[in-house]
Structure formats: C-alpha cells, structure tokens
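Peer 1: Residue numbers (UniProt numbering): 1 to 401.
Ideal placement from N, C-alpha and C gives every residue a C-beta, glycine not left out.
(1) Pull up the distance between the alpha-carbon of residue 252 and that of residue 169, whole angstroms please.
(2) Rounded to whole angstroms, what's the CA-CA distance from residue 347 to residue 141? Just pull it up for me.
(3) Should residue 156 be labelled buried (16 or more other beta-carbon atoms within 10 Å of its own) or exposed?
(4) Ends of the alpha helix (DSSP H) at residue 346?
(5) Out of 283, 305, 319, point me to the one whose CA is closest to residue 372's CA.
(6) Compare the Cα-Cα distances from residue 402 to each of 230, 313, 239, 25 and report the closest residue.
(7) Would you grab the beta carbon distance between residue 360 and residue 370 for me? Rounded to a whole angstrom, and I think it's under 8 Å.
(8) Give me, in chain order, the residues of the same chain whose beta-carbon lies closer than 6 Å to that of residue 224; leave out the 5 immediate sequence neighbours on both sides.
(9) Reducing DSSP to helix, strand and coil, say where residue 200 ends up.
(10) Return yes when the Cβ of residue 110 is within less than 7 Å of the Cβ of residue 173, no when it is not.
(11) How long is the line joining the alpha carbons of residue 325 and residue 217, rounded to whole angstroms?
(12) Rank 51, 313, 21, 193 by C-alpha distance to the C-alpha of residue 287 and give the top, closest one.
(13) Compute the distance between the beta-carbons of residue 213 and residue 242, then report whether it is under 7 Å.
(14) Tell me whether residue 330 sits in a helix, a strand or coil according to DSSP, three-state version.
(15) Between the beta-carbon of residue 75 and the beta-carbon of residue 266, is there less than 7 Å?
(16) Below 8 Å on the Cβ atoms is my guess for residue 387 versus residue 153; work out the distance and round it to an integer in Å.
(17) Comparing alpha-carbon positions, which option in 136, 127, 103 lies nearest residue 117?
(18) Quick one: Cα of residue 389 to Cα of residue 160, how far?
(19) Using DSSP with H/G/I as helix, E/B as strand and the rest coil, what is residue 43?
(20) Over what stretch of residues does the alpha helix (DSSP H) that includes residue 384 continue unbroken?
(21) What distance in whole Å lies between the Cβ atoms of residue 120 and residue 315, which are believed to be in contact at a cut-off of 8 Å?
(22) Which stretch, first to last residue, makes up the alpha helix (DSSP H) that contains residue 137?
(23) Expressed to the nearest angstrom, what Euclidean distance is found between the alpha-carbon atoms of residue 34 and residue 294?
(24) Go ahead and pull the three-state DSSP assignment for residue 14.
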C-alpha cells in the first residue's frame, strides 16, 4: 500500500511526450541551426529555418497541420501581417513622383514576368487557369525573404531601397491580379455575379481595413513613444485585431497589412523606426513561419518538378532582368546595380504558397495542378532565395562586412 502510494506520483513509462515538447525541441534546434549558419557560413538565418522544416519532413514526420487549418492559418497570417506591414512602412511611395521611371521599371519587370511565365507554362501544356494563376503569383518577389535579409545584414543603399519598393509594388500587383483572375474563373464557371462581386468585395474591404489600421498606428505613433513596451503591445494588438477582422470577413490578409504600411509611411515626413520589442516579437513568428513552410514544402515536390521549376525560375529572372535594365539608366541605376537588383527580385516563398492555397480552396479542381507547377519552384527559392538576395546586395556593396 505504502509502496503503491509512493509510486503514484512518478510519471508513467514511456514518458507521455506531448506536442509542446516537440515544438520546444524544434524551436531550440532551429535557433541553433540558424545561428550556426549565420556565424560559420555567413548565410541568412532563414535558410536554416526552412531547411529545418524540410529536414523534419524528410525524417518522416508529416505536418500535423495544414495551411488551411484555422489554428495554423492564424499564426501564418499574423506572422505575414507583421512582415508585410513593416515592409510597407519602410517604403516611401512619394519617391515614385520624384522618379517616375521607378514605376515604369516596376511595371515592366512584373508585367514581363507575368507574360514570360504564363507563356512558358502554356507551352508546357498547363491548363490556362493554372498557367495564368501561377504567372500572376510569379510577378511578386518574396516580401518575407527580402525584408528579413535586408534587416539581418543591415543593408543600406540605392539597390536596397529599390528592392524594398519594387517588392512592395509587385506584391500588390500579384495579389490584385490573383483576385481579378479569381473573378474571371468564376465567370468562366458560369457565375457572372461572383465574377464581379468577389474581387470588388475583397479589394474594397481590404482597402478599408488597411486605412483603419494605418490610422490606428498613426494615432498611436503620435500619442506614445513607439519604443515603449506599452506601444509595442498596442501595435501588436492592432495588427492582430486587423488580421482577425480580415479572416472573419474573408478579406485579403496579405493585401491589407501591406497597404496599411504604405499608407502609414506616406503620411509621415520621416522614416518610421520599428520598435525593438515589436521586432523581437516578430522574429519568433518569423522562425515559426519559415519552419512551418519548410515542413509543408516537401523536397520530393522539388524532385518531381525540378525541370519545370528551373525553367520557370530562369524565364522569370530573364523577364525581371529585362524589365529592370530597360529603365535602369533613366531611373538612375548603373548596369551593375540593375543586374544585382534583378537577381535580388527572384525569391519566391510562403506568400506564393498562401496565394496558391487560397486559389486551391476556391477552386478545388485546380489544387493538384497548381501545387505540381508552383511548389517545386517555391521549395528551391526557400533555400536559394535568401542566398541570392544576400549575394546581390554584397555585389552592390550595400552590406557591411
């Protein structure tokens, strides 16, 4: 009796290992891998984050959650909202008035990317809805990869500022075009009312939420010290509230925070300095974002679509190169800077994956073909993209040694 009572407080064997334990182990291993890559190899930490997720997938651990699961989607949308708002808040669109050739260059590189990728996929035999959708998604560089590499290596200069501006613009183009294509596909399916109402509702609603968020952050920045802990909590809460509202209303969780950041910056005379506490909180979500995306993107998808991925990415790079170089001199860039800027615009990542997932949810019959065409390129760019951005900025002499 006494022996039984003594044993009652001991844990059962084998130990009941729960999900929290494995999440903690994953975060520890990811942090160590990221620091090792950064200190020993000079790689951006996010390369290790994505690689850790892929290694977990290779070890035979299937992702317990999917991007369309509500719990995981909240985390991903919040992480992306923080990144996109911060990116938008760093971009001064008034620069486009002073140098209109920047807008011409942005439209050219994004438009050519759409035409070239769409043409290549059509030649490959991909169905028109999928070819057009992937071409629209391929217009955008990766805001997550670009913003993290620029911040991590404290890159400063003409190429860096144009990279941030053009990434913001081509992301807006891509999201808008995907929404318009969604309407076109509804029309082709015999739903003309949805063809008009869906894009109109999503774009108008997202813009209204963006204006509300920008106004809230602007008022916060005027009434409080943005570097204070209280201001950080309020800022985080505003973005979380906006994200929850966007999800409840079925609006774009990508477009609204990006536009909110752009609108907020356009109302300020001086650049906005991101609060230290806010960056620290966002960094943890970034780790989760890239680990989860690595787990979702199986290396097997790269192997099965390797040839198509290389062709798609090569054509996309050539399109961006031609678009940027066509206006490089007119916009004040040298040939070398134009080439490095084009290279830095090549990454694809989780934003492309989220756009494809949302399209797959709206049109389930297209999901498998969308994934087979796009995911190989996303896997490749999750690993190579940060390295290409860092190398391009180094060649531009904008990263401090």
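Peer 2: Reading it off the structure:
(1) Within the chain shown, numbered from 1, the residue matching residue 252 stands at position 252. Within the chain shown, numbered from 1, the residue matching residue 169 stands at position 169. Rounded to whole angstroms, residue 252 to residue 169 spans 16 Å at the Cα level.
(2) In the chain shown, counting from the first residue as 1, residue 347 sits at position 347. In the chain shown, counting from the first residue as 1, residue 141 sits at position 141. Approximately 5 Å, taken between the alpha carbons.
(3) In the chain shown, the residue the question calls residue 156 occupies position 156. Around the C-beta of residue 156, fewer than 16 other C-beta atoms lie within 10 Å, and the residue is accordingly described as exposed.
(4) To locate residue 346, count along the chain shown from 1; it is residue 346. Premise fails: residue 346 is in no alpha helix (DSSP H) and is neither H nor E.
(5) Here residue 372 refers to the residue found at position 372 when the chain shown is read from its first residue. Comparing Cα-Cα distances from residue 372 to each of 283, 305, 319, the minimum goes to 305.
(6) Examination of residue 402 is not possible in this model, given that the chain is present from 1 through 401 alone.
(7) Residue 360 sits at position 360 when you count from the first residue of the chain shown. Residue 370 sits at position 370 when you count from the first residue of the chain shown. Residue 370 and residue 360 do touch by the CB rule: their CB atoms are close to 6 Å apart, below 8 Å.
(8) Taking the first residue of the chain shown as 1, we reach residue 224 at position 224. Beyond the five residues adjoining it in sequence on each side, residue 224 comes within less than 6 Å, by CB distance, of 231 in the same chain, given in chain order.
(9) The residue given as residue 200 occupies position 200 in the chain shown. Under the three-state reduction of DSSP, residue 200 is assigned to helix.
(10) What you label residue 173 is simply residue 173 of the chain shown in a count that begins at 1. What you label residue 110 is simply residue 110 of the chain shown in a count that begins at 1. Yes, these two residues count as a Cβ contact at 7 Å.
(11) Start at 1 with the first residue of the chain shown, and residue 325 comes out as number 325. Start at 1 with the first residue of the chain shown, and residue 217 comes out as number 217. CA-CA distance, residue 325 to residue 217, rounds to 37 Å.
(12) Position 287 of the chain shown, counted from the start, is the residue given in the question as residue 287. Looking only at 51, 313, 21, 193, the smallest Cα-Cα distance to residue 287 is reached by 51.
(13) The count along the chain shown starts at 1 and reaches residue 213 at position 213. The count along the chain shown starts at 1 and reaches residue 242 at position 242. Taking 7 Å as the cut-off, the Cβ atoms of residue 213 and residue 242 count as close.
(14) Mapped onto the chain shown, residue 330 falls at position 330. Helix at residue 330.
(15) Counting from 1 along the chain shown, the entry for residue 75 is found at position 75. Counting from 1 along the chain shown, the entry for residue 266 is found at position 266. Contact: no.
(16) In the chain shown, residue 387 corresponds to position 387, counting from 1. In the chain shown, residue 153 corresponds to position 153, counting from 1. For residue 387 against residue 153, the beta-carbon gap comes to about 12 Å, at or over 8 Å, which does not count as contact.
(17) By one-based count along the chain shown, residue 117 stands at place 117. Closest in alpha carbon position to residue 117, among 136, 127, 103, is 136.
(18) Here residue 389 refers to the residue found at position 389 of the chain shown. Here residue 160 refers to the residue found at position 160 of the chain shown. Cα to Cα, residue 389 sits roughly 10 Å from residue 160.
(19) One-based indexing of the chain shown puts residue 43 at position 43. Residue 43: coil per DSSP, three-state reduction.
(20) In the chain shown, residue 384 corresponds to position 384, counting from 1. Its alpha helix (DSSP H) spans residues 367-395.
(21) On the chain shown, position 315 is the one that residue 315 refers to. On the chain shown, position 120 is the one that residue 120 refers to. Approximately 5 Å separates the beta-carbon atoms of residue 315 and residue 120; this is inside 8 Å, confirming the contact.
(22) By 1-based counting over the chain shown, the position of residue 137 is 137. Secondary structure note for residue 137: its alpha helix (DSSP H) is the uninterrupted segment 128-137.
(23) Start at 1 with the first residue of the chain shown, and residue 34 comes out as number 34. Start at 1 with the first residue of the chain shown, and residue 294 comes out as number 294. Looking at the two C-alpha atoms, the distance is approximately 14 Å.
(24) Residue numbering aside, residue 14 sits at position 14 when the chain shown is read from its first letter. Coil.
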